[in-house]
Amino acid sequence: MPNPAKRMTAQPSRPVQRYRPGKPGGTAAAENTVDDTDGLDPAAEHAAWRLRELKRLKRDREALVAREAEIEELERRRHLTAEEREAEDREFLARQREARDQNRAPARVLAKYLHKGAFFRGGDDEAAEALAQRDLMGAAFEDDVADKSVLPEYMRVRDMTKLGKKGRTRYRDLKTEDTGRFGDDDRSRRWDGSRKEPGGPGGGLNGSTAGLDERFLPDSDGRNGPRFIKKEAESG
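Mind the numbering: the sequence shown is residues 253 to 488 in this note's numbering, read in order.
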């Protein structure tokens, strides 16, 4: 059971302070209450209302103009051909890419390599200073080679910005890298099973076995068979 003496000596709880209008003090919410008193300065209140109204009218007008411009652009795009729309899209993407490259901040990871050193480098040399200040990270390259057949095979790439980079693959396309013979006419490499004489028409590989070693001739005639006997008879 709780001790009655301890209960009597306990401090009473602090009463909650409630905000009452018209009385000083109160909670912090009283400071954020809206001032609903009117008529203190009618001229200033009218000027503030007029400013708010002008801002609202301007905002509505700008939204209406933007909506009308969007509708006009949609109608104009609908009347264009597919080639014209594609050309406009390419031009827009090129401008967007150029603006992004110009606004790109220099890489922070290379900041430790930009130390000029403690030695005199000749600040009067404008050419050297221009070379030192050039932007290598945001440099743009343009492929102005019209006929790529005159270039070496290593330089025949679509995007010249990837030339010589580490991440570039050494493979070009499937047709170039295909080493199979699918679809080729291999009738010249087939054995037709003929027993005709070497060099005769229609015999052996592609109709002739001229120039082949006897060890690689078909076994149907035999190494010491009729072919060998016939050769001895012709030589005798």
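Glycine included, C-beta positions come from ideal geometry on N, C-alpha and C.
None of these values were measured; they are calculated from a predicted model.
Cβ distance (whole Å) where residue i is taken to contact residue j below 8 angstroms
{"i": "R408", "j": "K400", "result": "5 angstroms"}
Residue i: first and last residue of the uninterrupted alpha helix (DSSP H) it sits in
{"i": "H298", "result": "294–330"}
{"i": "G426", "result": "According to the sequence provided, residue 426 is Leu. The question's Gly does not apply to it. Here the alpha helix (DSSP H) through L426 covers 426–429."}
{"i": "F344", "result": "334–355"}
Coil, strand or helix - residue i by DSSP
{"i": "R467", "result": "helix"}
{"i": "A379", "result": "helix"}
{"i": "K417", "result": "coil"}
{"i": "Y406", "result": "helix"}
{"i": "G456", "result": "Because G456 carries a pLDDT of 46, less than 50, the predicted location of this residue cannot be relied on, and no value is offered for it."}
{"i": "A384", "result": "helix"}
{"i": "D290", "result": "coil"}
{"i": "N284", "result": "helix"}
Beta-carbon gap between residue i and residue j smaller than 9 angstroms
{"i": "E297", "j": "D290", "result": "yes"}
{"i": "R329", "j": "R337", "result": "yes"}
{"i": "L332", "j": "E340", "result": "yes"}
Residue-level contact to chain C via CB, residue i, 9 angstroms cutoff
{"i": "E327", "result": "Looking for chain C here will not work: only one protein chain is present."}
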